[in-house]
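Residue numbers (the working numbering): 7 to 248.
By construction, the Cβ of each residue, glycine as well, lies at the ideal position given by its N, Cα and C atoms.
All of these numbers come straight from a predicted model, not from anything done at the bench.
Report on the following structure.
Structure representation (structure tokens):
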């Protein structure tokens, strides 16, 4: 892909007013950066996303600029050494520079900020405020076009973010948020559903229900969820966690 990106860079420099070209370059560089994030390669991820941010600015596309900032925040959140304070800073800087936007990556960035605040000691209120902001942005989104779904922020993911934040800040609403998040994913989901079950295990442990917490956590890590509705394997009955 590098030769193609080099060609795009040359074209973007030659025709700086070609916004579509700059947006395409931003997306390609952003995807490469996101891939490096997934591979745990922090430095190249930062470098590619920094390049993507430059193209996004030249494109003038507010949604693309927010997507790149969100990808940078995601890189900090999932770095080899996670940096939640950096996530918060990226979210604050982006909102200050770009303003609020009714765009999927703006809602996701606010959600990431909420998750980051929830991971920082003493930031419970900031986490709640950021989560409410993310939900407000999400509630005003329009459905993504079929060719834009990769760049979307699905409802299931928003529900997962809410579940994690409310669990981390030990909110009394956490159990209900976990239920809603679990219901949003198919029973055979191999990634997000187990993570929600781990949130539930944390919730149970905080309520001194060690046996149910251990059972839920073990099931999340070792049992592939069944297809279909109903309570997920290993999840304790509602009366144990409320």
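Original post:
alpha helix (DSSP H) containing residue 161: first to last residue?
Top reply: In the chain shown, residue 161 corresponds to position 155, counting from 1. Note, residue 161: alpha helix (DSSP H), 161-174.
Would you decide whether residue 146 is buried or exposed? Buried here means 16 or more other CB atoms lie within 10 Å of its CB.
In the chain shown, residue 146 corresponds to position 140, counting from 1. Residue 146 comes out exposed.
Compute the distance between the beta-carbons of residue 177 and residue 203, then report whether it is under 9 Å. For this step, residue 177 is matched to residue 171 along the chain shown. For this step, residue 203 is matched to residue 197 along the chain shown. Contact flag unset, no.
**Request:** Give the single residue among 101, 92, 212 whose Cα lies nearest to the Cα of residue 121.
**Result:** Position 115 of the chain shown, counted from the first residue, corresponds to residue 121. Measuring from the Cα of residue 121, the nearest candidate turns out to be 92.
query = In whole angstroms, what is the alpha-carbon distance linking residue 133 and residue 144?
reply = As a working mapping, residue 133 is identified with position 127 in the chain shown. As a working mapping, residue 144 is identified with position 138 in the chain shown. Rounded to the nearest angstrom, the two C-alpha atoms are 16 Å apart.
Quick check: residue 72 and residue 104, are their CB atoms within less than 9 Å of each other? Sequence index remark: in the chain shown, residue 72 carries index 66 (1-based). Sequence index remark: in the chain shown, residue 104 carries index 98 (1-based). Contact: yes.
Extract the residue ranges of the alpha helix (DSSP H) inside the segment 17-80, only unbroken runs of 4 or more that lie entirely within it. Those alpha helix (DSSP H) runs which fall completely within the segment 17-80 and span 4+ residues are 25-44, 48-65.
Near residue 64, which residues of its chain fall below 6 Å by C-beta distance, leaving aside the five closest residues on each side in sequence?
On the chain shown, residue 64 is found 58 positions in, with the first residue counted as 1. Correct list, in chain order: 28.
- request: Express the C-alpha separation of residue 159 and residue 112 in angstroms, rounding to a whole number.
  value: Within the chain shown, the letter at position 106 stands for residue 112. Within the chain shown, the letter at position 153 stands for residue 159. Going by the C-alpha atoms only, they are around 9 Å apart.
**Request:** For residue 186, collect the residues of the same chain with a Cβ closer than 8 Å to its Cβ; drop the 5 residues on either side in sequence, then sort them by chain order.
**Result:** Counted from its first residue, the chain shown places residue 186 at position 180. Closer than 8 Å at Cβ, skipping near neighbours: 165, 168, 169.
Exercise for the section: Determine the burial state of residue 42: buried for a count of at least 16 other Cβ atoms within 10 Å of its Cβ, exposed for fewer. Expected result: Here residue 42 refers to the residue found at position 36 when the chain shown is read from its first residue. Burial call: buried.
* Could you tell me the distance, in whole angstroms, from the CA atom of residue 220 to the CA atom of residue 201? => Here the question's residue 220 lines up with position 214 in the chain shown. Here the question's residue 201 lines up with position 195 in the chain shown. Rounded to the nearest angstrom, the two C-alpha atoms are 14 Å apart.
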